[in-house]
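Peer 1:
Residue numbers (our numbering), protein chains in the order written: chain A, 134 to 353; chain B, 2 to 436.
#1: Under DSSP, the beta strand (DSSP E) around residue 306 of chain A begins and ends at which residues?
#2: Is there at least one Cβ from chain B nearer than 9 Å to residue 262 of chain A's Cβ?
#3: Below 8 Å on C-beta distance, what does residue 307 of chain B contact in chain A?
#4: What does the alpha-carbon distance come out to for the pair residue 309 of chain B and residue 289 of chain B?
#5: Return the chain-ordered list of same chain residues with a C-beta closer than 8 Å to the C-beta of residue 339 of chain B, the five sequence neighbours on each side being excluded.
#6: Which chain B residues sit within Cβ distance under 7 Å of residue 258 of chain A?
#7: Should the region 385–399 of chain B be called in touch with the region 234–254 of chain B, which here means at least 3 C-beta pairs below 8 Å?
#8: Tell me the DSSP secondary structure of residue 146 of chain A in three-state form.
#9: Residue 323 of chain B touches chain A at which residues, Cβ-Cβ below 9 Å?
#10: If we require 4 or more residues per run, which alpha helix (DSSP H) segments fall completely within the region 11–97 of chain B?
#11: Cβ of residue 254 of chain A less than 9 Å from any chain B Cβ?
#12: Which residue marks the beginning of the beta strand (DSSP E) containing residue 321 of chain A, and which one marks its end?
#13: Would you say residue 436 of chain B reaches chain A, if we count a Cβ-Cβ gap shorter than 9 Å as a contact?
#14: How long is the line joining the alpha carbons of residue 314 of chain B and residue 199 of chain A, rounded to whole angstroms?
#15: Which of the three DSSP states, helix, strand or coil, is assigned to residue 342 of chain B?
#16: Would you please verify whether the beta carbon of residue 365 of chain B is less than 9 Å from any beta carbon of chain A?
#17: Excluding five sequence neighbours on each side, which residues of the same chain lie with their C-beta closer than 8 Å to the C-beta of residue 153 of chain B?
#18: Can you say whether residue 345 of chain A is buried or exposed, counting buried as having 16 or more other CB atoms within 10 angstroms of its CB?
#19: Would residue 1 of chain B count as contacting chain A if we go by Cβ distances under 9 Å?
#20: Using 9 Å as the limit for Cβ to Cβ distance, is residue 258 of chain B near chain A?
#21: Would residue 300 of chain A be called buried (16 or more neighbouring beta carbons within 10 Å of its own) or exposed?
#22: With a threshold of 9 Å between beta-carbons, can residue 15 of chain B be considered close to chain A, or not?
#23: Once DSSP output is grouped into helix, strand and coil, what is the label at residue 3 of chain B?
#24: In three-state DSSP terms, what is residue 212 of chain B?
#25: Check residue 301 of chain B in the structure and name its three-state DSSP category.
#26: Under three-state DSSP, which class holds residue 353 of chain A?
#27: Classify residue 436 of chain B as helix, strand or coil using the three-state DSSP reduction.
#28: If the cut is a Cβ gap below 7 Å, which residues of chain B does residue 197 of chain A touch?
#29: Taking Cβ positions only, does residue 155 of chain A come closer than 9 Å to chain B?
#30: Against chain B, with Cβ distances strictly below 9 Å, would residue 336 of chain A count as a contact?
#31: Can you tell me the Cα-Cα spacing of residue 319 of chain A and residue 142 of chain B, whole angstroms?
#32: Taking the beta carbon of residue 353 of chain A as the centre, do at least 16 other beta carbons fall within 10 Å, making it buried, or is it exposed?
#33: In whole angstroms, what separates the C-alpha of residue 293 of chain B from that of residue 112 of chain B?
#34: Only counting runs of 3 or more residues, tell me where the beta strand (DSSP E) segments fall wholly within the region 256–311 of chain B, in order along the chain.
#35: Taking just the CA atoms, how far does residue 350 of chain B sit from residue 357 of chain B?
#36: In the region 220–247 of chain A, which residues sit with their C-beta less than 7 Å from some C-beta in chain B, listed in chain order?
In structure tokens form, the structure reads like this:
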């Protein structure tokens, strides 16, 4: 499907952010996904035209990065961490449960286009393991049961809010727009930090531990 | 014992906003820095002893000092600051909650560091899989522009700085600084041959500093507290405070900000120890690329020298703790699958070696391996280590070599017992609920 003219103008907006145009390529590919749900042939052509590259050059970059999808993602893209720590703590069991629930495997999408599934590598939330991401928002401390319910809610179109994230879940396309560098104005939603993030600070306060105060009269 | 500086106000509900940050002295380091000579600022960071918090521990001020200045040669080209926020090392989970809770500390650090190295364009390269963190960074940068902390003529000093938040797209290799630069230039993220180093030929072949999030975010407090204050924490060669991330089979996982040199035993004592009824079997001091340690290393000082003396590396201070229910062969296989998946393919030893080691480990885990397979693994590691452009290949050998070193019997048990002797359910967090 042809991309709207708006997308081309937004691509140029991205290019204008950088000292050299080609630096815009990764965010532009996120922009393509925000329209198409994947890196479509039309999207590759648009990036190539705007950056004076060949389609092969754009395709070579797009295929290097796992976040760029070659087939449409589901409206809700479910990523289950199966790197060692999450896998051991329950990620493997969660992945098996969801595969069974949806009848699809890694990098596949349900027939109705609602859910795509991926096993992801470490997503930098090991103190909240096992971790599940939906559209790259955190669903912390999951179990097979809680993830099964989460996936059912996504299928029904009423996902719960992320554990640490905005007050409601975006679609895959909406999230891709943020990745393209377009602020959706939702940064102020949600918690500043979850309990594990604050644990050390809390213990320090209980113990009366603190860093030394800044010296009042110092020679820098 | 704990020294919250960076995390000091994370318990304010609005800690991530410009108001929340400014309420506690945020953005007071910037005018102080802008009143200083840039070289004096570089000297201050050198004097503080701050070392890179992204894993390698290279002195931050020295990195800044390598940037050629002056009107000739490379010095005449534009200078760039690139923040490595591509946090992806397995087990590492400090920069992500940091940027979610207080992106402004990073933004203020970016402004100060850019001024010091005389850059007028800076990029925060953040991994793409953490959308809410990216929102917070975008908003923080926008609010800093509005407040006059970024943009044209900052604080009336005539200094201009533009900052872009750039989302990556899912590639562990882009945490390697030269691969990150290639990625930022719009190419496949593959490491470059060095020299030349980024300090002279980095982004767009211009002088570039690449620093970790925590390193840059530590700079405002160094400007405010001074080098001696910062040196007052930590050990002889590892100065200051840092974030330790405790995860795995512990009663209470989380982030702990402490002086460099604290031990895992102290952190476990503070936080409630391993989960009830279980004991520590093995752990990583700084992510999966740092060789495994065991319960005999509980008192190793967690600073750069202490962990190196114990045969590992401080890395990212990602303390992943596993108890006796965990199969070390399974853990090592999974990490090896990760490295095979993330190997960029540029260097043959890493690309081919990781691929074959996965197969050998798979048959060992399945109980169809032989003792010769263990020797093959070690031999392959020997042929990967030190034979690739970047440290990914070296990192891939860490779990295998250390795993065999400490747990050879367990590898052998998979062979003689023709299968894995462990019950994977027992190591899950919901094991009790299923029992």
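C-beta atoms are modelled at their ideal positions from N, C-alpha and C, and glycine is treated no differently.
Peer 2: Reading it off the structure:
#1: Residue 306 of chain A -> not in any beta strand (DSSP E); alpha helix (DSSP H) instead, spanning 305–312.
#2: yes
#3: Here the premise fails: no neighbours, minimum Cβ distance about 20 Å.
#4: 15 Å
#5: 91, 173, 289
#6: 94, 97
#7: no
#8: helix
#9: 217, 218, 221
#10: 19–24, 30–35, 39–49, 61–66
#11: yes
#12: Taken as a continuous stretch (DSSP letters only), residue 321 of chain A belongs to no beta strand (DSSP E), as it is neither H nor E.
#13: Note that residue 436 of chain B scores a pLDDT of 45, beneath 50, so its modelled location is shaky; the value from the coordinates is reported in the next line. No, because no Cβ of chain A sits closer than 9 Å to the Cβ of residue 436 of chain B.
#14: 29 Å
#15: helix
#16: no
#17: 161
#18: exposed
#19: Absent from the model: residue 1 of chain B. The displayed extent of chain B is 2 to 436, so no value can be given.
#20: yes
#21: exposed
#22: yes
#23: coil
#24: strand
#25: coil
#26: A caution first: residue 353 of chain A carries a pLDDT of 44, below 50, which makes its placement in the model unreliable, though a value can still be read off. If DSSP states are grouped into helix, strand and coil, residue 353 of chain A belongs with coil.
#27: In this prediction, residue 436 of chain B has a pLDDT of 45, which is less than 50 and means its spatial position is unreliable; what the coordinates show is noted afterwards. The answer is coil: DSSP assigns residue 436 of chain B none of H, G, I, E or B.
#28: 172, 189, 190
#29: yes
#30: yes
#31: 14 Å
#32: For residue 353 of chain A, the predicted structure reports a pLDDT of 44, less than 50, and the residue's modelled location is therefore unreliable. The matter cannot be settled from this model.
#33: 37 Å
#34: 281–285
#35: 10 Å
#36: 220, 221, 222, 223, 225, 226
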